[in-house]
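Read the structure below first, then the notes.
Protein chains in written order, with this note's numbering: chain X, 1 to 230; chain L, 1001 to 1269.
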């Protein structure tokens, strides 16, 4: 039986938690795009030092646990409180939401960089040669030819990354952010009714399902030039 | 240095190696304005690499390329040429590729207007109007809104030719434009190129189609092992080749051979 009383009491809080989850997941994935797209171009077309530095970045952030990165940012930054205070940044690093957002952004940007770098490498050489032969400068070729083609190739793995982040954002509950999971936990601790967790799980599933459908629509749009026999 | 204004594009003493393999050993070639030059030769003779050196898709190890008032000289141990200078040459030198290389994510019309708008800064409406005229010229009016994957290879190559024409190039480079096509689709592309030649367009054409090379070009150049082995007026060169190597090469295309029959057939219309 559905425990209506539980949801009457904790439903609104869980909805707020869900909003926080969305902010963290969508926010970090979107902010990460600002890093990952240029980083992927640098990874593929950059000079040795540029490509190497970017490799080191993705290597580190993909090689260590996201939770460790979050702890390092949230608890580690406390070590530098005087320095951060004098730089006028302590108010940011004191905030668990901000630390979570930053950790998630840096982490997903590393994965996204590799996704987009792979997609860029997947753009047929002839497409890029045609752009060069047409006298396109590198940035124009990137904007008009390489990135649009790579976007089609990266779409599915990128969707995977977004789905991962929706659920990975639950880690923020460990550093006192009241996201969906944290509010469900709160409801459970007050009532000992596991339906709180069940409801949270259903909301995560519904979110992922929404992304899945959105991605199917995006695929139709971005890859319409490939839709020959579909 | 004084520039010869009757020359559309010129390359001097082009040398290029891939690793330790020399591919071009000092090749010089010029195309005068309005001239169509055919380049023939066996696979691996360096003809495609040479063509790609003309628009700097391959940067020669040594040599000089001159087009559009720009002269790029590469000496021993010299710096690679500045990108802006390479782009200046490319702006006047269009290329048609063996594999068409139409941009997959753009329609046929989108492909044709891309460089005029974004590289040459032409107004969009004007570019579209001209593109439609060019597509009509290559017989693709009905395919303007199709994506490359939705049309045949011959149609893709004709669209690529329209794309090349759209930038008002002073030279068009054709890199084996029919080699990737099924035999029944070659004729339409060859006829399109032939039509351009008779308009007096400056073209350099690397091809394996001997009858086409003879008919389309005033001058033919025979590449062999990274050098120009023989060159001359096309009619004479094909009728009475001087070097044994060219004789031998042309022998493999003689009537009676399957290849030659097919090529003759494609031009007997």
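No residue lacks a Cβ here, since even glycine has one placed at the ideal position from N, Cα and C.
Name the chain L residues that come within less than 7 Å of residue i, Cβ to Cβ?
i	result
residue 8 of chain X	Ordered by position in chain L, no residue passes the 7 Å Cβ test against residue 8 of chain X, which lies about 51 Å from the chain.
Should residue i be flagged as near chain L, meaning a C-beta pair shorter than 8 Å?
i	result
residue 136 of chain X	yes
residue 20 of chain X	no
residue 140 of chain X	yes
residue 144 of chain X	yes
For chain X, find out if any of its Cβ atoms is closer than 8 Å to the Cβ of residue i; answer yes or no.
i	result
residue 1115 of chain L	yes
residue 1119 of chain L	yes
residue 1203 of chain L	no
residue 1095 of chain L	yes
Which residues in chain X sit within 7 Å of residue i, going by Cβ to Cβ distance?
i	result
residue 1099 of chain L	126
residue 1091 of chain L	135
Would you mind telling me which residues of chain X sit closer than 9 Å to residue i, beta carbon to beta carbon, in chain order?
i	result
residue 1057 of chain L	129, 132, 133
residue 1085 of chain L	The premise fails here: residue 1085 of chain L is roughly 11 Å from chain X at the closest Cβ pair, so nothing lies under 9 Å.
Name, please, each residue of chain B whose Cβ falls closer than 7 Å to the Cβ of residue i.
i	result
residue 1104 of chain L	Note that chain B does not occur in the displayed structure, where the protein chains are X and L.
List, in order along the chain, the chain L residues whose C-beta lies closer than 9 Å to that of residue i?
i	result
residue 152 of chain X	1104, 1105
So which residues of chain X does residue i contact, with C-beta pairs closer than 8 Å?
i	result
residue 1124 of chain L	Near residue 1124 of chain L there are no residues of chain X at all, since even the closest Cβ is about 14 Å away, more than 8 Å.
Look at the Cβ atom of residue i, then the Cβ atom of residue j, and state whether they are nearer than 8 Å.
i	j	result
residue 1031 of chain L	residue 1171 of chain L	yes
residue 184 of chain X	residue 199 of chain X	yes
residue 1169 of chain L	residue 1093 of chain L	yes
residue 1216 of chain L	residue 1036 of chain L	yes
residue 1158 of chain L	residue 1140 of chain L	yes
residue 1226 of chain L	residue 1024 of chain L	yes
residue 1228 of chain L	residue 1027 of chain L	yes
residue 6 of chain X	residue 171 of chain X	no
residue 1222 of chain L	residue 1249 of chain L	yes
residue 1128 of chain L	residue 1151 of chain L	no
residue 125 of chain X	residue 20 of chain X	no
residue 231 of chain X	residue 1118 of chain L	The structure shown does not extend to residue 231 of chain X, since chain X is modelled only from 1 to 230, so the question has no answer here.
residue 1192 of chain L	residue 1161 of chain L	yes
residue 180 of chain X	residue 14 of chain X	yes
residue 1219 of chain L	residue 1231 of chain L	yes
Would the beta-carbon of residue i be found less than 7 Å away from any heavy atom of the ligand FAD?
i	result
residue 1096 of chain L	Judged by which ligands are present, the structure shown has none, so any question about the ligand FAD falls away.
Tell me the DSSP secondary structure of residue i in three-state form.
i	result
residue 1035 of chain L	coil
residue 139 of chain X	helix
residue 1 of chain X	coil
residue 1025 of chain L	strand
residue 1000 of chain L	With chain L covering 1001 to 1269 only, the question about residue 1000 of chain L has no answer from this structure.
residue 1215 of chain L	helix
residue 1005 of chain L	coil
residue 1202 of chain L	coil
residue 229 of chain X	Caution applies to residue 229 of chain X, whose pLDDT of 46 falls short of 50 and renders its modelled position unreliable; the value that the coordinates give is listed next. Reduced to three states, the DSSP call for residue 229 of chain X is coil.
residue 1100 of chain L	coil
residue 1128 of chain L	helix
residue 194 of chain X	coil
residue 1070 of chain L	strand
residue 206 of chain X	helix
residue 16 of chain X	helix
residue 114 of chain X	helix
residue 89 of chain X	coil
residue 1192 of chain L	helix
residue 1138 of chain L	coil
Count the C-beta pairs between the region 1053-1073 of chain L and the region 1088-1097 of chain L that are closer than 8 Å, then say yes if the count reaches three, no if not. Counting C-beta pairs with one atom in each stretch, the region 1053-1073 of chain L and the region 1088-1097 of chain L have three or more that are closer than 8 Å, which means they touch.
Touch test, the region 1062-1080 of chain L against the region 1002-1020 of chain L, Cβ-Cβ under 8 Å, three pairs minimum: The region 1062-1080 of chain L, when compared against the region 1002-1020 of chain L, does touch it at the 8 Å Cβ threshold.
Within the chosen definition, does the region 200-211 of chain X reach the region 62-76 of chain X through at least 3 CB pairs nearer than 8 Å? The region 200-211 of chain X makes no contact with the region 62-76 of chain X; the number of CB pairs closer than 8 Å stays below 3.
Touching by the beta-carbon criterion (3+ pairs, under 8 Å), the region 72-90 of chain X and the region 127-142 of chain X: In this structure the region 72-90 of chain X does not lie against the region 127-142 of chain X, because fewer than three pairs of beta carbons, one per stretch, are closer than 8 Å.
Quick check: the region 36-52 of chain X against the region 90-100 of chain X, are at least 3 beta-carbon pairs closer than 8 Å? In short, these stretches do not touch, since the Cβ pair count stays below three.
Is the region 144-162 of chain X close to the region 115-127 of chain X, with three or more CB pairs under 8 Å? These segments touch.
Using a Cβ distance threshold of 8 Å, determine whether the region 29-45 of chain X contacts the region 97-117 of chain X, with at least three qualifying pairs required. Contact holds: three or more Cβ-Cβ distances are below 8 Å.
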